[in-house]
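A quick write-up on the structure given underneath.
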Amino acid sequence: MKKLFTLLLIVTTAVATFATDYNVPITITVNGVSSEQNAVISVTENGGLYDINLKNFILQAGNTPTGVGNVELKGIKPIQDGNATLLLAKQNVKITKGDDPNVSVWMGTMIGEIPVELRGKIEGDRLRCYLDISLIGQVIKVAIGNGYQIANQSFENWHTSTDSYQEPNAWHSFETATGDLASAAGHHIEASTDAHSGSTSARIFAKEMDYFLFKVIANGTMTTGRMNAASALADDATRNYAYADMSKDDVDGNKDPYYTPLCSKPDSIAAWVKFKQGTANAQHPYATISAAITDGTFYQDPEVKTSTNVVAKAKNNEIATTNEKWKRISIPFEYTQNTVDPKAILVTISTNADAGQGSDKDEVLVDDIELIYNAKVTGLKIKGQKVSDFKADQTEYTMELNEVITADDIEATVEGKAAHVIKQVEQTEGGYACTIQAIGGDMKTTTSYVVNVKSNATGIDMAPRTNAVTNDENSWYTLDGRHLNGKPTAKGIYIHNNVKAVVK
């Protein structure tokens, strides 16, 4: 009876099913234009395999929503990489009808199977997925889950802040500042139809302001945190600054906090900008973008003393006039702390790198801001031997090693602070095919490399009855699976392939 109970327990465990619904924000990009919405993602584990279902998927074209349906991938085998469970799949999917009562027609049910590629991971209680959905002749990119990017990347969504002024969702300016002079700080941000993509960008502009008996230039500034204005001296960094503090529960006109959560480690921050000065100022000619990744406790920019809660910083304070053209700015992060976990990011953009400088009507237009996660292999070794002439943009190589190779024998050097690396080895007729895949921390970017290794050596559990190279049935192997060229010459224990008990 005890044996029977044990058997039933094992069977029950093997078929156990666990399901979790994640209500998370998703970013949908079509033809380079991004929009955002909330969605429910169902993750089901069944017998060690995973199903992922994007429920009630809707495409938003302007103010017109188009129901697509449920996009479900099934039977995904997980791959463990440290604390992350990676879920990778390429499947042809038949979209099913959603159950949102506000959608009358689900367009996806009217077409056949479509190709869908998934790159996802579960880390603790956090889900992050990136889907490439081939639909209606184009690839729709869907980023699922927060904590990896700044919301409202394309500045398409705005909310009313104070006095009928508008601020972009997830961003703030002097309209919602704190401090004794907040009410006098003025208006410094608005939506612009001059956009790099989509319909709008954020226009940040400087103003000449009257403070008592003198005039000052109030730089236009936008931040993912909150502005503090408490001094008439523009360069008074102790009282005029941008800040973020996750312990604060204040919210803006869109009910969002004055901080942006971040749970990963990007390699750089990029944005498209247009910058011009109202009047050229040779002594102070530059706009600036800065970013700081912190542990979520109070942090201000500019700093008045060295902060110990900063994980990494990125800054470009030499953004020159772009001559009325959009220009992509990319700024690498410099990581200074390995013992502090990232919890938040404070990004600040200003019309001048020097407080209170520049001129009236200086302006910066900003669009399509993005945190970049690298995913490139920069060096490879197999069994301690370098893959010669390796280049990050070359994806296939050939080398010769007469040894048994497993995934543990592959060493990959990766460019990407938060990148994941997957290594797989398959035996081929002439040796091994070693596949190395690097995936960025936000699961968006991926690069793959294949090293075809010529080898006469095979592992015993993969060994054929005849040697694949010589067709010699009189083959000898060491206990670790290495094939010998001829009979053993040294004393020891060996395996002969005519002993069928050890040959598969």
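Using our numbering, the first residue of the sequence shown is number 273, and each one after it goes up by one.
By construction, the Cβ of each residue, glycine as well, lies at the ideal position given by its N, Cα and C atoms.
Just so we're clear, the structure is a prediction, and the values are computed from it rather than from any experiment.
8 Å Cβ cutoff met for residue i and residue j
{"i": "Ile367", "j": "Gly341", "result": "yes"}
{"i": "Ser426", "j": "Gly470", "result": "yes"}
{"i": "Lys633", "j": "Ala478", "result": "yes"}
{"i": "Gly713", "j": "Thr685", "result": "no"}
{"i": "Ser445", "j": "Asp639", "result": "no"}
{"i": "Gly304", "j": "Leu321", "result": "no"}
{"i": "Ala559", "j": "Asn512", "result": "no"}
{"i": "Ser433", "j": "Thr448", "result": "yes"}
{"i": "Leu403", "j": "Gly417", "result": "no"}
{"i": "Met499", "j": "Val488", "result": "no"}
{"i": "Cys535", "j": "Pro614", "result": "yes"}
{"i": "Ile298", "j": "Leu643", "result": "no"}
{"i": "Lys413", "j": "Leu359", "result": "no"}
{"i": "Val659", "j": "Tyr669", "result": "yes"}
{"i": "Ile565", "j": "Ile601", "result": "no"}
{"i": "Asn310", "j": "Asn328", "result": "no"}
{"i": "Leu637", "j": "Thr495", "result": "no"}
{"i": "Thr532", "j": "Ala616", "result": "yes"}
{"i": "Val411", "j": "Thr510", "result": "no"}
{"i": "Glu683", "j": "Lys653", "result": "yes"}
{"i": "Tyr607", "j": "Thr667", "result": "no"}
{"i": "Ala627", "j": "Asp435", "result": "no"}
{"i": "Gly688", "j": "Asn646", "result": "yes"}
{"i": "Gln699", "j": "Ala679", "result": "no"}
DSSP bridge partner residues for residue i (one or two, in chain order)
{"i": "Gln425", "result": "Per DSSP, none; premise fails for Gln425."}
{"i": "Ser473", "result": "Ser464"}
{"i": "Leu399", "result": "Ile394"}
{"i": "Ser720", "result": "Gln709"}
{"i": "Tyr669", "result": "Val723"}
{"i": "Ile694", "result": "Gln709"}
{"i": "Phe290", "result": "Glu317"}
{"i": "Ile378", "result": "Checking the displayed sequence, the identity of residue 378 turns out to be Trp instead of Ile. Beta-bridge pairing links Trp378 to Gly339."}
{"i": "Tyr437", "result": "DSSP lists no partner for Tyr437."}
{"i": "Val414", "result": "Ile300 and Leu403"}
{"i": "Asn364", "result": "Pro387"}
{"i": "Ile489", "result": "Glu480"}
{"i": "Glu687", "result": "Lys648"}
For residue i, the nearest candidate out of the options (CA to CA)
{"i": "Gly656", "options": "Pro297, Glu672 and Asp567", "result": "Glu672"}
{"i": "Asp524", "options": "Trp430, Asn581, Lys487 and Pro533", "result": "Trp430"}
{"i": "Asn724", "options": "Thr718, Cys706 and Lys716", "result": "Cys706"}
{"i": "Ile476", "options": "Thr620, Lys362 and Thr381", "result": "Thr620"}
{"i": "Gly370", "options": "Ile330, Gly497, Val693 and Ala467", "result": "Ile330"}
{"i": "Lys537", "options": "Glu480, Ala552, Ala586 and Ala516", "result": "Ala586"}
{"i": "Gly441", "options": "Ala516, Met715, Thr700 and Glu308", "result": "Note on residue identity: the sequence assigns Asn, not Gly, to residue 441. Comparing Cα positions, the closest option is Glu308."}
{"i": "Lys648", "options": "Asp452, Asn424, Asp539 and Ile654", "result": "Asp539"}
{"i": "Thr569", "options": "His692, Ile601, Tyr515 and Asp508", "result": "Tyr515"}
{"i": "Asp681", "options": "Asn553, Ile694, Ala690 and Asn374", "result": "Ile694"}
{"i": "Asp353", "options": "Glu575, Thr289, Ile711 and Ser727", "result": "Ile711"}
{"i": "Val365", "options": "Gly339, Leu618, Glu389 and Asn374", "result": "Glu389"}
{"i": "Gly630", "options": "Ile561, Gln666 and His556", "result": "His556"}
{"i": "Ala690", "options": "Ser436, Thr718 and Asn595", "result": "Thr718"}
{"i": "Asp452", "options": "Ile461, Trp443 and Ala504", "result": "Ala504"}
{"i": "Thr289", "options": "Val582, Asp661, Asn318 and Ala554", "result": "Asn318"}
{"i": "Ile541", "options": "Asn595, Ala563, Asn310 and Ala554", "result": "Ala563"}
{"i": "Gln438", "options": "Glu635, Gly497, Asn526 and Asp397", "result": "Asn526"}
{"i": "Ser314", "options": "Asp435, Lys716, Glu635 and Thr292", "result": "Thr292"}
{"i": "Lys546", "options": "Val582, Glu590, Tyr530 and Trp598", "result": "Trp598"}
{"i": "Ala456", "options": "Ala592, Ala490, Thr667 and Thr316", "result": "Ala490"}
{"i": "Trp544", "options": "Ala679, Asn355, Asp507 and Glu596", "result": "Glu596"}
{"i": "Ile386", "options": "Tyr704, Ile591 and Leu407", "result": "Leu407"}
{"i": "Met715", "options": "Ala356, Thr580 and Ser306", "result": "Ala356"}
{"i": "Asn326", "options": "Asp372, His460, Lys349 and Ala454", "result": "Per the sequence presented here, residue 326 reads as Leu, with Asn not at that position. The option with the nearest alpha carbon to Leu326 is Asp372."}
{"i": "Thr580", "options": "Lys362, Ile708 and Asn610", "result": "Asn610"}
{"i": "Val612", "options": "Asp567, His459, Ser622 and Thr578", "result": "Asp567"}
{"i": "Ile591", "options": "Val582, Lys548 and Ile461", "result": "Lys548"}
Within-8 Å CB hit, residue i to chain B
{"i": "Tyr437", "result": "The chain inventory of the structure shown lacks chain B, comprising one protein chain alone."}
**Message:** Closer than 8 Å is the cut-off here; do at least three beta carbon pairs connect the stretch 336-351 with the stretch 370-387?
**Reply:** Yes: at least three Cβ pairs fall under 8 Å.
**Request:** For the stretch 508-526 and the stretch 458-468, state whether three or more C-beta atom pairs, one from each stretch, are separated by less than 8 Å.
**Result:** Taking 8 Å as the limit for Cβ pairs, the verdict is that the stretch 458-468 does not touch the stretch 508-526.
**Prompt:** At which residue ranges does the stretch 612-662 contain complete beta strand (DSSP E) runs of 3 or more residues, listed in the order of the chain?
**Reply:** Qualifying beta strand (DSSP E) stretches, in chain order: 616-622, 635-644 and 648-654.
**Whole runs of the alpha helix (DSSP H) within the stretch 506-541, excluding any shorter than 4 residues** = Every candidate alpha helix (DSSP H) stretch fails here, since none sits fully inside the stretch 506-541 while reaching 4 residues.
**Request:** Within the stretch 296-349, note down every full beta strand (DSSP E) run reaching 3 residues or more, in order along the chain.
**Result:** Counting only unbroken stretches of 3 or more residues, the beta strand (DSSP E) elements lying wholly within the stretch 296-349 are 305-318, 321-333 and 336-348, in sequence order.
**Item:** Runs of beta strand (DSSP E) wholly within the stretch 548-618 (minimum 3 residues, chain order)
**Value:** Counting only runs of 3 or more, we get 559-566, 571-573, 582-591 and 599-604.
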